[in-house]
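**Q**
In UniProt numbering, the protein residues as written are 1 to 449.
1) Distance check for residue 268 and residue 275, CA to CA, integer angstroms please.
2) For residue 359, which residues from the same chain have a beta carbon less than 8 angstroms from its beta carbon, with the 5 sequence-adjacent residues on both sides left out?
3) Would you mind giving the Cβ-Cβ distance between residue 139 and residue 214, rounded to the nearest angstrom? I have them listed as a contact below 8 angstroms.
4) Over the uninterrupted alpha helix (DSSP H) stretch that includes residue 132, give me the two end residues.
5) From the DSSP output, in three-state form, read off residue 414 for me.
6) Let's see if you can read the secondary structure: which residues bound the beta strand (DSSP E) around residue 424?
7) Cα separation between residue 419 and residue 136?
8) Tell me where the alpha helix (DSSP H) around residue 319 begins and ends.
9) Give a single yes or no on whether residue 116 has its beta carbon closer than 7 angstroms to a heavy atom of the ligand ADP.
10) From 403, 203, 345 and 379, pick the residue whose C-alpha is nearest to that of residue 258; which is it?
11) Ordered along the chain, which non-local residues of its own chain (more than five positions away) have a Cβ less than 6 angstroms from that of residue 423?
12) Name, in chain order, the residues that DSSP records as bridge partners for residue 26.
13) For residue 224, does the three-state DSSP call read helix, strand or coil?
14) On the three-state DSSP scale, how would you describe residue 3?
15) When you compare only the Cα positions, how much space is there between residue 8 and residue 331?
16) Using a Cβ-Cβ cut-off of 6 angstroms (strictly less than) and excluding sequence neighbours within five positions of residue 130, which residues of its own chain qualify?
17) When the distance is taken between beta carbons, is residue 166 closer than 8 angstroms to residue 19?
18) Curious, which full-length beta strand (DSSP E) runs of at least 3 residues does the segment 338–424 contain?
19) Give the DSSP bridge partners of residue 282, in chain order.
20) Which one of 376, 286, 146 and 355 has the shortest CA to CA distance from residue 246?
21) I need the boundaries of the alpha helix (DSSP H) containing residue 65, first residue and last residue.
22) Which residue comes first and which comes last in the alpha helix (DSSP H) that contains residue 84?
23) Taking only the alpha-carbon atoms, compute the straight-line gap between residue 263 and residue 255 and give it to the nearest angstrom.
24) What are the start and end residues of the beta strand (DSSP E) that includes residue 159?
25) Whole angstroms are fine: how far does the CA of residue 81 sit from the CA of residue 61?
26) Looking only at C-alpha atoms, which of 333, 396 and 435 sits nearest to residue 352?
27) Determine the DSSP secondary structure at residue 179, reduced to helix, strand or coil.
28) Using CA coordinates, which residue listed in 71, 108, 326 and 285 is at the minimum distance from residue 170?
29) Can you look up residue 8 in the DSSP assignment and give me helix, strand or coil?
30) So the candidates are 383, 186, 299 and 125; which of them puts its Cα closest to the Cα of residue 48?
31) Nearest to residue 401 by alpha carbon, out of 314, 238 and 349?
32) Go through its chain and collect everything with a Cβ distance to residue 220's Cβ below 6 angstroms, but skip five positions before and after it.
33) By Cβ distance, which residues of its chain are closer than 7 angstroms to residue 69, with the 5 residues on each side in sequence left out?
34) May I have the straight-line CA-CA distance separating residue 222 from residue 142, to the nearest angstrom?
35) Pick out whichever of 362, 71 and 317 has its Cα sitting closest to the Cα of residue 270.
36) Extract the residue ranges of the alpha helix (DSSP H) inside the segment 228–279, only unbroken runs of 4 or more that lie entirely within it.
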């Protein structure tokens with residue numbers, strides 16, 4: 001596809017063309033990115049890929065009708081066709097009484113993009129990525145007992161997001177990210193087990209040492225050998241940070257403004273009520289320095305800010321974009337997210353549960369019999385009722401110690417009760433977009449053999 005540089009001036013010109021063609025309002029988002037990735041297995045390079053791409057999305061509003069069209073062709077003739085098609089689609093769309101761009105009073109006016117440190121200067125070259133993957137896999141394979149490797153990979157990417165609308169908003173920001181991961185196997189035949197380790201960061205200098213990642217993957221794999229099955233029972237469960245973030249993720253789904261507006265959440269009647277214990281605070285922070293999901297404004301140009309979704313156990317807000325906020329008779333929380341070819345929708349940024357005071361080791365010591373979960377498989381979570389059932393594996397806790405690996409387990413309960421019994425440890429690390437420390441949850445049912 002032909003590509004012409006999409007400056008803010010050209011995007012504003014595109015919006016003017018849309019207005020001239022019959023649009024009452026319009027906005028446009030332009031996303032361009034570059035990525036480089038390598039993968040190796042058993043010491044041999046298997047993948048070396050570089051990709052560059054760009055997408056332009058135009059949204060047109062005519063009265064209470066709207067449409068979105070995207071294109072990777074940004075030539076003048078393609079933009080004319082984009083406007084014509086989008087306006088025609090909007091004219092034939094169904095009415096949506098809640099659609100519309102932001103009022104100028106809602107727009108982000110001042111923000112410190114540089115202070116967020118969203119983008120690492122320069123580029124991580126392929127030789128550096130290859131050295132990361134090599135060091136990571138070699139360290140994993142050097143651990144006695146490791147019998148095979150699924151490979152190691154490393155990657156780097158940068159993206160630029162530009163947003164403009166006919167309400168006067170026009171701005172852009174860049175972001176970057178790097179990652180390293182490895183997966184290895186131990187054992188033979190039907191007794192083989194696998195595990196992995198992984199790290200990601202906005203700045204490559206914040207990544208853990210690749211050899212440390214490899215050794216940790218090997219140690220996790222070896223600890224999983226010879227798993228046992230356990231009987232069905234009710235015992236305390238402790239979730240490793242690798243899986244504990246899923247509990248926070250289930251909360252974000254339950255308080256998403258779109259679901260609340262549709263009436264499809266088990267928390268719909270719980271605003272300003274206690275849904276967690278009084279020691280629990282859950283935060284969404286779009287302005288976290290070097291955060292994996294940080295951004296200076298949301299996808300509608302609305303001002304965003306750090307806010308407590310749950311404060312001392314009390315639910316304080318829904319997660320809303322403009323449309324869901326209008327449906328609920330509220331104001332947007334600045335949580336709109338969108339791709340070039342999609343309408344905005346509510347989404348979290350850097351979401352996390354604040355840590356507690358107890359160490360993971362002391363948390364385990366306090367359990368006479370229980371399950372330490374390191375991996376969850378599949379998902380059967382009913383967003384309307386809160387019913388929860390997921391496959392799991394990990395380690396059996398006996399008399400305050402990790403006794404032996406266990407597998408083929410189903411963990412079941414209801415998120416309402418689970419939320420209220422959560423106890424966080426003090427080991428919060430910001431490794432993903434959604435993070436939580438080690439969590440203890442009481443009252444769950446384990447279905448084993």
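Just so it is clear, CB atoms sit at the ideal spot from N, CA and C, and this is done for glycine as well. In this text the structure is predicted, and so the values were computed from the model without any measurement.
**A** A quick look at the data gives this:
1) Within the chain shown, the letter at position 275 stands for residue 275. Within the chain shown, the letter at position 268 stands for residue 268. Cα to Cα, the separation comes out at about 11 angstroms.
2) Along the chain shown, read from residue 1 onward, the residue named residue 359 stands at position 359. Closer than 8 angstroms at Cβ, skipping near neighbours: 425, 426 and 427.
3) Position 139 of the chain shown, counted from the first residue, corresponds to residue 139. Position 214 of the chain shown, counted from the first residue, corresponds to residue 214. Contact holds; Cβ gap of about 3 angstroms.
4) Here the question's residue 132 lines up with position 132 in the chain shown. It spans 126–141 - the alpha helix (DSSP H) in which residue 132 sits, taken as one unbroken run.
5) Taking the chain shown and counting its residues from 1, one reaches residue 414 at position 414. Residue 414 falls in the strand class under three-state DSSP.
6) Locating residue 424 in the chain shown gives position 424, where the first residue counts as 1. 422–424 is the span of the beta strand (DSSP E), which, as asked, contains residue 424.
7) Taking the first residue of the chain shown as position 1, residue 419 is located at position 419. Taking the first residue of the chain shown as position 1, residue 136 is located at position 136. Distance between the alpha carbons of residue 419 and residue 136 is about 37 angstroms.
8) Here residue 319 is taken as the residue at index 319 of the chain shown, counted from 1. Unbroken run through residue 319: none, as it is neither H nor E.
9) Summarising the ligand content, the structure contains no ligands, and the ligand ADP is consequently not present.
10) Along the chain shown, one-based indexing puts residue 258 at 258. Distance check between residue 258 and each of 403, 203, 345 and 379 places 345 closest, using alpha-carbon atoms only.
11) Here residue 423 corresponds to residue number 423 of the chain shown, with the count starting at 1. Only 440 meet the Cβ criterion.
12) Taking the first residue of the chain shown as position 1, residue 26 is located at position 26. Residue 26 pairs with 60.
13) As a working note, residue 224 is residue 224 in the chain shown. Looking at residue 224 - three-state DSSP - the assignment turns out to be coil, as it is neither helix nor strand.
14) Here residue 3 refers to the residue found at position 3 when the chain shown is read from its first residue. Only weak support is given to the placement of residue 3: the predicted model assigns it a pLDDT of 47, under 50, and the value that follows is read from those uncertain coordinates. Three-state DSSP puts residue 3 in coil, outside helix and strand.
15) Counting from 1 along the chain shown, the entry for residue 8 is found at position 8. Counting from 1 along the chain shown, the entry for residue 331 is found at position 331. Whole-angstrom Cα-Cα distance: 28 angstroms.
16) Your numbering for residue 130 matches position 130 in the chain shown. Cβ within range, chain order: 38.
17) Taking the first residue of the chain shown as position 1, residue 19 is located at position 19. Taking the first residue of the chain shown as position 1, residue 166 is located at position 166. It is a contact, given that the beta carbons lie within the stated cut-off.
18) Taking 3 residues as the minimum length, the beta strand (DSSP E) runs contained wholly in the segment 338–424 are 351–353, 369–381, 387–398, 401–414 and 422–424, in order along the chain.
19) In the chain shown, counting from the first residue as 1, residue 282 sits at position 282. Beta-bridge pairing links residue 282 to 310 and 353.
20) Counting from 1 along the chain shown, the entry for residue 246 is found at position 246. That would be 376, whose Cα lies nearest to the Cα of residue 246.
21) Stepping through the chain shown from its first residue, residue 65 is reached at position 65. No alpha helix (DSSP H) holds residue 65; the beta strand (DSSP E) holding it covers 65–71.
22) Walking along the chain shown from the start, residue 84 turns up at place 84. Per DSSP, residue 84 belongs to the alpha helix (DSSP H) from 76–91.
23) On the chain shown, residue 263 is found 263 positions in, with the first residue counted as 1. On the chain shown, residue 255 is found 255 positions in, with the first residue counted as 1. Each residue's alpha carbon lies about 11 angstroms from the other.
24) For the purposes of this step, residue 159 is identified with residue 159 of the chain shown, where counting begins at 1. Element bounds for residue 159: 146–165.
25) Position 61 of the chain shown, counted from the start, is the residue given in the question as residue 61. Position 81 of the chain shown, counted from the start, is the residue given in the question as residue 81. One C-alpha to the other measures close to 17 angstroms.
26) The residue labelled residue 352 in the question sits at position 352 within the chain shown. Minimum Cα distance to residue 352 is reached at 435.
27) As a working mapping, residue 179 is identified with position 179 in the chain shown. Reduced to three states, the DSSP call for residue 179 is strand.
28) For the purposes of this step, residue 170 is taken as the residue at position 170 of the chain shown. Nearest option by C-alpha distance: 108.
29) Sequence index remark: in the chain shown, residue 8 carries index 8 (1-based). Helix at residue 8.
30) Counted from its first residue, the chain shown places residue 48 at position 48. The residue with the shortest Cα to Cα distance from residue 48 is 125.
31) On the chain shown, residue 401 is found 401 positions in, with the first residue counted as 1. It is 238 whose Cα lies nearest to the Cα of residue 401.
32) Stepping through the chain shown from its first residue, residue 220 is reached at position 220. Once the five neighbours on either side are set aside, the close Cβ partners of residue 220 are 195.
33) Walking along the chain shown from the start, residue 69 turns up at place 69. Around residue 69: 58, 82, 85, 86 and 89.
34) Numbered from its first residue, the chain shown carries residue 222 at position 222. Numbered from its first residue, the chain shown carries residue 142 at position 142. In a straight line, the C-alpha of residue 222 is about 13 angstroms away from that of residue 142.
35) For this step, residue 270 is matched to residue 270 along the chain shown. Looking at the Cα atoms, 317 is the closest of the given residues.
36) Contiguous alpha helix (DSSP H) elements confined to the segment 228–279 occur at 241–254 and 257–262, taking only those with 4 or more residues.
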